[in-house]
Amino acid sequence: MFKARMLGTLLIVALMLPVWLVPLHQPDPDAPLARISHSIGAVRGPQVMLEDIEPPEKVRMINHILRVLDIYWTDVAAAEKLRFAEFLYEESVAYKLDPMLILAVIKVESTFDVNAISSRGARGLMQLLPVVAHSRAEVLGLKLSTSAEIFDPYLNVRLGVNYLAHLRDRFRDLNLALEAYYLGPTAVYELMSEQELSLGYARRVLLTYHRFRRS
């Protein structure tokens, strides 16, 4: 009887102890993380590494790019459009340029025709002249074997975005940078000195940009 009463008293005292005094099972610090999680009753989460979770803004922007591509690239497979959208996003943000601006340049320059070629010999989506493409490739540590490579949409966008960012930094004004992209830097300087620069090309691109932003 005495033993039973003592056991009951000890049980009550144990229950009244603060939680932090109650000894817990200490997992082996060398045990695999999965076993440690199981031993402390952790809820198993989705098997995705943190670096694999895309920030919401990136996902939203890539989906926005895809909506534009869906309008103009009706004959391109969905998987390829997604790959290109992700690539265009990464190239744009690397130079702190809005992907919608790059899409606007592509729309005005080539209407998304990867095989477009102008009367002056500008090629591809962003209509790069061979001399410009080779120059920007050299800056990026790339080597173009032939001018035909400029038609590759990924290479074309990489070089085109780099060139536009270079002009933005040079002129420190987006309108002037866009005009220089179209006319060439030398022509823009000459027209500025003569006060004859119209900014017509920049207006076309920026109107398209705002339309894409609203889409």
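Numbering (this note's numbering), first residue to last: 20 to 234. For every residue, glycine included, the Cβ atom is placed at its ideal position computed from N, Cα and C.
- Annotated three-state conformation of leucine 161 is coil, per DSSP.
- Tyrosine 114 is positioned such that its CB atom lies no closer than 7 Å to that of methionine 80.
- A distance below 8 Å between beta-carbons, with the five flanking residues on each side excluded, links valine 127 to the following residues of its chain, in chain order: Tyr220, Arg223, Val224 and Thr227.
- Distance check between aspartate 94 and each of Phe106, Ser164 and Phe131 places Phe131 closest, using alpha-carbon atoms only.
- Secondary structure note for aspartate 94: it is in no alpha helix (DSSP H), with a DSSP letter that is neither H nor E.
- For isoleucine 125, the enclosing alpha helix (DSSP H) has its first and last residue at 118 to 129.
- The C-alpha of phenylalanine 170 lies about 20 Å from the C-alpha of aspartate 89.
- Tyrosine 173 is positioned such that its CB atom lies no closer than 7 Å to that of arginine 155.
- In the structure shown, leucine 147 falls within a strand segment according to DSSP collapsed to helix, strand and coil.
- In the three-state reduction of the DSSP assignment, arginine 139 falls in the coil class, being assigned neither a helical nor a strand state.
- In the three-state reduction of the DSSP assignment, glutamate 99 falls in the helix class, which pools H, G and I.
- Boundaries of the alpha helix (DSSP H) around asparagine 175: 172 to 190.
- Taking C-beta atoms as the reference points, isoleucine 125 and leucine 101 fail to come closer than 7 Å.
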